[in-house]
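Sequence positions in the sequence shown follow the working numbering and run 990 to 1317. Built from N, CA and C at the ideal position, the CB exists for glycine as well. Below is one structure, written out as structure tokens; comments come after it.
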Amino acid sequence: MSEKITMADIAEMAGVGKSTVSRYFNGGYVKDSTRKKIQEIIEQYQYEPNSFARLNAKTSNLIGVVVPTLNSKISSRVITSIDRYLRAHNYETIIKSSDHNQDLEYQNIQRLLQLKVDGILLSAITMTKRLHSLIEKSNIPIVILAQEDSHSTSIVDDDYAAGYAMGDFIGKTKATSVAYIGVSEYDIAVGVTRKNGILAGLQQHGITPCATLCGDYSYESGVALTEKLLETTTPDAIICATDRLAFGAYFVLKQKGFQIPEDISVTGFGGYQESALLDPPLTTIKFDTYAMGYLGAETLLKLIKKEPVSKKQVIGFEFIHGKSVLER
């Protein structure tokens, strides 16, 4: 076991004042040569700073991250990007999952405020009056990810344009009967904005969906909604709001003997790696989720430093042409 040392010991061994060591741990400016000396001493003695002392400091160098779920490719990409960026800037990340529960989301934010984090990145389930009130009273910077909020700094996907691109693409295939499988409208970004883009893209070709079904984000919901859809109609194409919903549609269609895309075309949104492994590969739209995390973390640190930032920043997307759409 290595000998225990204090911050004062580190300062003495590095030949600097205690205030310099404190700045090092709190993310302040320390010249590179001094930073290297301090880091070598920390590694040699396996020193761990007192977290309670840090929480009592003006800055904790802790950033809270609240996401709707950890069981999501999108969430994992965003969290990975955030954590990498923050670690490179000497911040630690505290991750809280809300499990798509608005009350738990509210409690998660309250808990992070009690921990005196320097800022919060919130991938919000939906923006409510109660949530707005909590954000306004927080007295720390909070950046909203994936949901547009006129009262806060937001980083959003270009959901409307992406939805329009998909609706327009399906319209150009001459499909005459198109169904939509989506999520609840409590999620404004996906349940409303993305859906409205899809409907507008289809409308350009005189198409109104023959059926619109909504559930949650799960594979199981994709299965259930597709089974329900096929009870009343057999569309030419199914547009799914997420890749995971599309996975459920694939399972049901193949189980019932339909050929994709010869009988029914299927599309999604997400661009998961697994989507390229489907038979046939899924036609989908991929958002730059790593850019979402990176830009969110960068924006939050700028707000902490009281630097100017844009109120709203929009992330682009890539259309991935798989083989799941019959182009007539």
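Counting along the chain, Y1169 sits inside the beta strand (DSSP E) bounded by residues 1167-1172.
Excluding the 5 residues flanking it on each side, Y1279 has same chain C-beta neighbours closer than 7 Å at R1066, S1070, in chain order. In the three-state reduction of the DSSP assignment, S1022 falls in the helix class, which pools H, G and I. Secondary structure remark: continuous beta strand (DSSP E) runs of at least 3 residues inside the region 1253-1311, in chain order: 1254-1258, 1272-1276, 1301-1304, 1306-1309. When secondary structure is reduced to three states using DSSP, L1101 falls in the helix class.
Pairing V1056 with V1132, the inter-Cα distance amounts to about 12 Å. Assignment of S1143 by DSSP, reduced to helix, strand and coil, places it in the strand class.
Contact holds between the region 1280-1297 and the region 1132-1149, because three or more Cβ pairs, one in each stretch, are under 8 Å apart. Taken atom to atom, the span from the alpha-carbon of E1251 to that of P1224 is near 12 Å. Going by beta carbons, H1078 and L1290 fall inside the 8 Å limit. A residue is called buried once 16 or more other Cβ atoms fall within 10 Å of its Cβ, and S1022, having fewer, is exposed. For A997, the enclosing alpha helix (DSSP H) stretches over residues 996-1003.
With contact defined as three or more Cβ pairs closer than 8 Å, the region 1193-1208 and the region 1026-1033 are not in contact. Under DSSP, I1228 forms a beta bridge with Y1169, T1256.
C-alpha of T1082 to C-alpha of L1134: approximately 16 Å in a straight line.
A contact is defined here as three or more CB-CB pairs under 8 Å, and the region 1214-1223 fails this definition with respect to the region 1172-1188. By the Cβ neighbour-count rule, A1265 is exposed, with fewer than 16 other Cβ atoms within 10 Å of its own. Taking a 10 Å sphere around the C-beta of N1097, we find 16 or more other C-beta atoms and assign the residue as buried. Straight-line spacing of the CA atoms in L1051 and S1011 works out to 15 Å. Sequence-distant Cβ neighbours of G1305 in its own chain, meaning closer than 7 Å and more than five residues away, are D1147, D1277.
Counted as a single uninterrupted DSSP element, the stretch harbouring S1061 is not any beta strand (DSSP E), since DSSP gives it neither H nor E.
Of all alpha-carbon atoms in T1215, G1257, D1138, T1256, the one lying nearest the alpha-carbon of A1238 is that of T1215.
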